[in-house]
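Trainee:
Protein chains: 2
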Amino acid sequence: MGMATGRTAYRGDDALAGLLSSAGIRITVEDLRGLVAGVNAAPPGQDPDGWMILLGADPATLPDTLRAQLRALKDDMAAGDGVGGGGPDPVGRIAALRAELDRRGLAGFVVPRADEHQGEYLPARAERLAWLTGFTGSAGVAVVLRDAGAIFVDGRYTLQVRQQLPAGLLEYRHLVDEPHVDWIAANLPAGGRLGYDPWLHTVGWVERARQAAAKAGGELVPVTDNPVDAIWGDQPSAPIAPVVPHDVRFAGRGAEDKMRDVAAAIARDGVAAAVLNQPDSIAWLLNIRGTDVPHTPLPLSFAVLHADAHVDLFVDRRKLVPGLESHLGNRVSLRDPAGLGDALDGLGREGRKVLVDPASATAWTVERLSAAGAQVVRGTDPCVLPKARKNEVELEGTRAAHRRDAVAMARFLAWLAREAPSGRIGEIGAAERLHAFRSAGERFRGDSFVTISGAGPNGAVVHYHVTPATERRIEPGTLYLIDSGGQYDDGTTDVTRTVAVGQPTPDMRDRFTRVLKGHIALATVRFPRGTTGSQLDVLARQYLWQAGLDFDHGTGHGVGSYLGVHEGPQRISKVPNAVALEPGMILSNEPGYYETGAYGIRIENLIAVEPCAELPGAGRPMLSFETLTLVPIDLALVEPGLMTAGEIAWLNAYHARVREAVLPDLDREAADWLTAATAPIVA
Amino acid sequence: MGMATGRTAYRGDDALAGLLSSAGIRITVEDLRGLVAGVNAAPPGQDPDGWMILLGADPATLPDTLRAQLRALKDDMAAGDGVGGGGPDPVGRIAALRAELDRRGLAGFVVPRADEHQGEYLPARAERLAWLTGFTGSAGVAVVLRDAGAIFVDGRYTLQVRQQLPAGLLEYRHLVDEPHVDWIAANLPAGGRLGYDPWLHTVGWVERARQAAAKAGGELVPVTDNPVDAIWGDQPSAPIAPVVPHDVRFAGRGAEDKMRDVAAAIARDGVAAAVLNQPDSIAWLLNIRGTDVPHTPLPLSFAVLHADAHVDLFVDRRKLVPGLESHLGNRVSLRDPAGLGDALDGLGREGRKVLVDPASATAWTVERLSAAGAQVVRGTDPCVLPKARKNEVELEGTRAAHRRDAVAMARFLAWLAREAPSGRIGEIGAAERLHAFRSAGERFRGDSFVTISGAGPNGAVVHYHVTPATERRIEPGTLYLIDSGGQYDDGTTDVTRTVAVGQPTPDMRDRFTRVLKGHIALATVRFPRGTTGSQLDVLARQYLWQAGLDFDHGTGHGVGSYLGVHEGPQRISKVPNAVALEPGMILSNEPGYYETGAYGIRIENLIAVEPCAELPGAGRPMLSFETLTLVPIDLALVEPGLMTAGEIAWLNAYHARVREAVLPDLDREAADWLTAATAPIVA
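Protein chains in written order, with numbering that gives the first Met the number 0: chain A, 0 to 682; chain B, 0 to 682.
1. May I have the straight-line CA-CA distance separating residue 477(A) from residue 453(B), to the nearest angstrom?
2. Can a CB atom of chain B be found closer than 8 Å to the CB of residue 541(A)?
3. Is the beta carbon of residue 270(A) sitting closer than 8 Å to the one on residue 354(A)?
4. Identify, in the order they occur along the chain, each residue of the same chain with its Cβ nearer than 8 Å to the Cβ of residue 226(A), setting aside the five sequence neighbours on each side.
5. Using a Cβ-Cβ cut-off of less than 8 Å, list which residues of the segment 43-61 of chain A approach chain B; keep chain order.
6. Using the three-state DSSP reduction, which class does residue 588(A) fall into: helix, strand or coil?
7. Going along the chain, which residues of the segment 599-622 of chain A sit with their C-beta nearer than 9 Å to a C-beta in chain B?
8. Helix, strand or coil: how does DSSP classify residue 83(B) here?
9. Taking Cβ positions, are residue 69(B) and residue 318(B) nearer each other than 8 Å?
10. At least one CB of chain A closer than 8 Å to the CB of residue 548(B): is that the case?
11. Roughly how many angstroms separate the alpha carbons of residue 679(A) and residue 515(A), rounded to a whole number?
12. Kindly indicate if chain D contains any beta-carbon less than 8 Å away from that of residue 283(B).
13. Within the continuous beta strand (DSSP E) that includes residue 332(A), where are the two ends?
14. Around the C-beta of residue 289(B), are 16 or more other C-beta atoms found within 10 angstroms, so that it is buried, or is it exposed?
15. What in chain B is Cβ-close to residue 544(A), meaning under 9 Å?
16. Does the beta carbon of residue 214(B) come closer than 8 Å to any beta carbon on chain A?
17. Rounded to whole angstroms, how far is the Cβ of residue 649(B) from the Cβ of residue 523(B), which I believe are closer than 8 Å?
18. My understanding is that residue 121(B) touches residue 92(B), with C-beta atoms under 8 Å, so please give their C-beta distance in whole angstroms.
19. Relative to the C-alpha of residue 481(A), which candidate in 412(A), 441(A), 212(A) and 116(A) has its C-alpha closest?
20. Using the DSSP secondary-structure output, state which residues sit across from residue 758(B) in a beta bridge.
21. Looking at C-alpha atoms only, which residue of 540(B), 331(B), 385(B) and 208(B) is the closest neighbour of residue 265(B)?
22. Cutting at 6 Å between CB atoms, please list the residues of its own chain near residue 179(A), excluding the five before and the five after it.
23. Give me whichever residues DSSP pairs with residue 511(B) in a beta bridge.
24. Does the distance from the C-beta atom of residue 400(B) to that of residue 490(B) stay below 8 Å?
25. Between residue 575(A) and chain B, is the shortest Cβ-Cβ distance under 8 Å, so that the two count as touching?
26. Suppose the cutoff is 6 Å on Cβ atoms and the five residues either side in sequence are ignored; what does the same chain contact list for residue 465(B) look like?
27. Over the uninterrupted beta strand (DSSP E) stretch that includes residue 388(A), give me the two end residues.
28. Indicate, with yes or no, if the ligand GTP has a heavy atom lying under 7 Å from the CB of residue 161(A).
29. Any contact between the segment 199-210 of chain A and the segment 356-363 of chain A? By contact I mean 3 or more CB pairs, one from each, below 8 Å.
30. Is there a Cβ of chain A sitting closer than 8 Å to that of residue 587(B), yes or no?
31. Do the segment 432-447 of chain B and the segment 651-662 of chain B touch if we need at least three Cβ pairs shorter than 8 Å?
32. Between 503(A), 558(A) and 591(A), which has its C-alpha nearest residue 542(A)'s C-alpha?
33. Please list, in chain order, all residues of the same chain as residue 219(A) whose beta carbon is under 6 Å from its beta carbon, the five residues on each side excluded.
34. According to DSSP, residue 606(B) sits in a beta bridge with which residue or residues?
35. With distance defined between alpha-carbon atoms, name the residue in 186(B), 492(B), 242(B) and 641(B) nearest to residue 682(B).
36. Entirely within the segment 359-445 of chain B and at least 3 residues each: give me those beta strand (DSSP E) ranges in chain order.
Okay, here's the thing in structure tokens:
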């Protein structure tokens with residue numbers, strides 16, 4: 000955890016109470032400890048003192064002694080917290096869980112890696128799977144029965160799970176190929192009651208798991224409090240990070256206008272209210288941001304949007320910075336999160352049509368609404384599409400963010416070009432260096448995801464996350480792959496570059512050039528309105544396919560505007576997707592190639608859908624992509640003989656754009672590197 | 000209707016009875032008249048005397064006088080038959096239907112263009128929509144209420160329906176954009192009972208229409224006999240065309256083996272029986288063919304496949320040629336079609352799991368099974384996928400059929416090149432000439448669909464069917480588009496060529512070349528197993544899209560082996576399709592471009608999926624396409640400057656294949672034309 004310098008010892012609650020009182024801050028030390036527990040359960044953010052705004056005053060105006068004691072209290076409290084902290088090992092924890100299940104008369108319990116929002120990034124408190132089993136991967140589920148148990152992870156984590164779990168504790172299963180509901184059907188004892196936490200699963204899951212339990216002659220039963228929480232003595236609090244306004248000069252459209260538009264859309268469908276379960280939908284709708292979870296700037300909350308354009312926002316009021324209530328305006332009513340159930344009951348009592356998104360709504364929500372008498376309508380979260388269609392201000396913002404990000408990337412690549420040939424740079428050091436370059440830029444709020452920094456064979460691990468145990472040095476004769484991104488007030492970036500250190504082999508150049516040709520095919524395609532990302536996916540793969548090669552991930556995901564680096568509903572993928580690409584949508588364009596045990600290649604730019612300029616003789620209006628990312632592509636890996644004249648022209652024009660945008664902000668050495676790195680090539 | 004030459008007058012039933020008796024044929028004249036009524040209700044086929052085999056003897060061995068009298072009886076009976084024959088006009092027929100509905104207490108009735116098999120080609124008896132309204136398009140539905148009514152047709156038929164229906168009789172609506180169930184919801188009077196024939200609709204339709212009727216406060220009710228049939232005095236009989244064996248030297252696999260395989264597949268899914276509603280599935284499974292409907296060589300029938308690999312075939316026994324029963328073997332039990340209901344009741348009484356395909360099964364089937372107590376399992380017809388994967392013998396057969404078809408096409412194109420510049424050739428004459436060239440070849444059984452022969456602006460009408468009223472001459476300075484195909488014992492063909500008459504414009508060359516580049520991109524793609532046609536579709540469109548152009552139809556449909564020229568489940572289309580392309584599947588590759596009012600372009604070859612030869616360094620096994628069609632592509636329309644070296648090489652290699660396959664079978668003049676038409680081009 001980042002720490003302010005000049006640390007002083009904590010002098011006790013009484014002393015702190017005195018300092019608070021002198022500064023005119025009305026909060027008891029007990030309440031303050033509650034607040035700080037929440038602050039410690041949130042990611043640190045760029046400014047370690049930023050949380051102090053929640054005391055009601057600008058941290059910069061606080062007396063130094065008070066600020067130092069607040070820091071000291073926070074650090075003291077943090078020492079006892081956290082997923083990894085204290086307590087028994089997985090063997091002991093699973094034994095404790097089994098004892099707890101016995102007390103409750105449960106034959107077993109399902110522990111997904113999930114929070115109440117089905118989010119990609121989880122608050123510390125929701126990392127139950129990691130705490131219980133030691134497995135820290137980003138996807139997985141454990142089913143713990145009295146005499147058996149299994150953990151389900153996907154292909155990315157087959158090795159890791161074996162390293163992190165003591166052998167023999169749980170069976171290892173494949174998350175996709177061996178569905179855990181099938182395992183339940185085969186292993187739950189007849190008559191056994193299998194517990195689940197209805198806040199952590201969707202209705203679709205409950206339906207499948209209920210059938211599986213019934214097949215085994217058992218029963219699936221919801222628990223009212225999670226048994227893992229009952230045995231997790233030092234479980235972190237719910238996170239408390241400042242909820243701040245997202246200024247309309249970045250958002251481009253006021254929250255009241257958005258509420259009115261979305262409310263009108265649900266009213267047209269005859270729906271009285273929509274339950275919003277996705278914090279990024281709520282953040283977009285209300286123009287607010289936060290840091291409750293890593294990498295995605297969102298406050299955890301629930302909301303109910305009524306067809307009259309009024310919103311009930313269920314959020315811990317302690318999180319709101321001064322002035323946020325007036326920013327939200329009088330169409331937003333603040334509610335205690337504990338009151339969500341009563342609010343759903345109210346909708347139910349009136350027998351109203353309530354929209355929930357089955358992809359994200361908790362089983363708890365749907366069951367509560369149904370039990371209360373509401374007509375539950377299943378449909379897409381009504382914020383998802385308008386959020387995906389970025390407005391002109393958001394697009395201008397993301398262009399500016401990409402220019403700043405490009406400066407950081409150019410400085411990083413110039414540094415790498417100078418240092419890497421020594422063979423002494425490690426994957427962790429490189430990622431830290433890039434983070435430092437980004438941090439030096441304006442409006443930077445943090446990395447948009449955990450940087451993938453893969454040298455040599457580690458580059459072939461698609462979702463590689465470097466640890467000291469796996470770290471490799473970047474060595475001559477290898478490729479180095481770095482996939483990273485930034486969160487900025489005005490946009491979210493995500494870029495991957497693959498760099499040759501020393502002389503690449505002909506095979507590396509062949510593969511890289513095929514990936515590049517696919518990247519260019521997607522970057523330059525024109526397509527009619529109504530086209531989906533699934534339809535375009537092949538363009539990025541065709542040149543690899545011609546050589547009997549492919550890559551086993553999607554070609555492009557949606558990207559938010561200072562929000563999630565992965566957002567729907569659009570994507571470019573082999574998987575069918577019915578969502579048409581629309582102007583303003585941002586996606587990644589990231590074909591790759593992975594030679595297991597040797598090297599990985601990926602070339603990723605962000606692209607925005609835009610209307611095509613009028614074409615002479617065109618029969619219909621077309622769309623195309625604007626490439627947002629402005630970072631050089633390593634020419635040492637390009638084999639011009641494999642490229643068409645049009646592809647070479649694209650590459651040269653792209654590099655000219657990069658130079659124009661970035662060169663003015665570089666120092667002499669980086670500028671020289673960039674000028675050489677973006678020199679035009681010929682066939 | 001085709002007619003044998005040397006017609007003699009019919010001399011009366013007594014005379015015919017005597018002739019039959021002398022020839023040792025035991026059939027009463029009454030039974031014979033029933034048989035001939037069915038024969039007349041089937042398409043004529045290539046041999047007008049072919050039906051006489053159904054009398055139990057080789058027609059060639061019948062005495063000439065008997066044969067002549069049989070022909071005379073058939074022609075006499077035909078004179079009073081048919082869709083167009085006698086009776087009142089649409090105004091009178093719809094009035095008669097309304098009177099019939101009154102008698103039955105129905106507020107209205109739904110008349111789809113459909114038969115009991117949801118087939119593409121209908122027997123004459125099922126052309127109720129055409130008989131009632133005069134509209135002869137290939138898709139449509141009418142809803143006739145007492146005081147209102149509407150006919151729903153798609154964009155192909157907006158003009159035609161107005162020409163064929165008297166004005167003011169029915170409202171004109173768009174089949175897709177204005178769903179007829181919505182019209183029902185808006186127009187059915189409250190309390191009104193809307194009738195439908197459960198043999199002519201799928202369960203999915205019934206569910207939607209029932210909701211629509213309920214929305215109007217009315218009710219959807221099945222009828223036990225179709226009210227259109229009740230007022231259609233001269234409705235044709237059910238067709239009777241000879242059901243013949245499809246020899247294993249063409250089918251490649253015996254019917255017993257197929258039955259065993261498919262039965263094993265349904266048994267694995269825990270299903271006791273599958274109801275087969277699709278005559279082409281049955282024809283494939285049992286290795287039989289017929290001519291009950293135009294263009295697709297199938298006998299109309301139903302079947303039940305049991306998990307023990309036994310089949311109940313519900314077919315009119317009069318249709319079977321001598322020896323067919325032994326060809327079918329003792330695993331196939333012949334049943335009277337009227338006994339289908341009892342058989343379904345039997346499956347129901349045993350409470351068994353019965354598979355039906357909701358895409359094709361009649362509502363009648365599903366309701367009968369459910370009412371009888373069967374567990375109805377909805378799933379894909381189990382013959383569909385194995386039928387689509389052609390075996391080596393079928394592929395060898397289709398290659399041979401394509402070579403013969405190519406000779407006919409080359410002779411036709413040579414003739415066209417000589418004659419068209421005169422400006423005197425008409426669309427009908429050209430289509431007839433092509434049919435004559437095909438008929439001169441071996442194993443030809445008829446056109447695989449109605450030839451599209453479109454000159455100039457008629458070429459831009461995607462599903463153009465020439466009539467004397469619409470026919471144009473093929474004139475210099477225009478394009479001529481011909482889309483046609485043949486049914487051969489060993490395969491089914493489908494080919495489109497676009498030919499420039501005189502000097503094409505630069506625009507025509509530009510568009511044609513873009514279509515050709517798309518065609519080549521699809522013909523040459525390599526792709527991993529698991530890839531669907533939807534994923535590949537963009538390859539055929541990309542060069543048109545670059546110019547702001549597109550075509551509004553699919554890129555490729557599945558094709559049968561001496562079966563339907565349109566068969567599923569695979570297709571290449573913008574529409575999502577989850578079916579992976581597998582080795583042996585045959586598809587069309589037919590991108591196009593249509594300039595309304597000016598010209599149409601389409602380049603269509605059939606292609607077969609095949610495993611790729613091993614590629615050096617390839618990481619995974621790949622698939623590719625073998626092009627089956629061997630017909631020159633008009634070089635006058637190719638702009639080499641728009642093509643890559645690879646595309647030009649493909650075109651030259653393709654033309655070399657065409658020459659090699661076809662040249663030996665051409666006369667001098669056609670050979671000279673072909674040699675010139677397939678000369679290599681340079682960039």
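Even glycine gets a Cβ: it sits at the ideal position worked out from N, Cα and C.
Mentor: Answer, in terms of the structure:
1. 60 Å
2. yes
3. yes
4. 96, 99, 100, 103, 105, 108 and 194
5. none
6. strand
7. 611, 613, 614, 615, 616, 617, 618, 619, 620 and 621
8. Note that residue 83(B) scores a pLDDT of 46, beneath 50, so its modelled location is shaky and nothing firm can be said.
9. no
10. yes
11. 16 Å
12. Note that chain D does not occur in the displayed structure, where the protein chains are A and B.
13. 331-334
14. buried
15. 524, 525, 526, 527, 530 and 621
16. no
17. 6 Å
18. With a Cβ gap of about 18 Å, residue 121(B) and residue 92(B) do not count as contacting.
19. 412(A)
20. It is not possible to answer for residue 758(B), since the shown part of chain B is limited to 0 through 682.
21. 385(B)
22. 140, 142 and 151
23. None; residue 511(B) has no bridge partner.
24. yes
25. yes
26. 426, 427 and 452
27. Here residue 388(A) belongs to no beta strand (DSSP E), and DSSP marks it neither H nor E.
28. With respect to the ligand GTP, the structure offers nothing, as it holds no ligand at all.
29. yes
30. no
31. no
32. 591(A)
33. 193, 208, 209 and 212
34. 586(B) and 626(B)
35. 641(B)
36. 374-377
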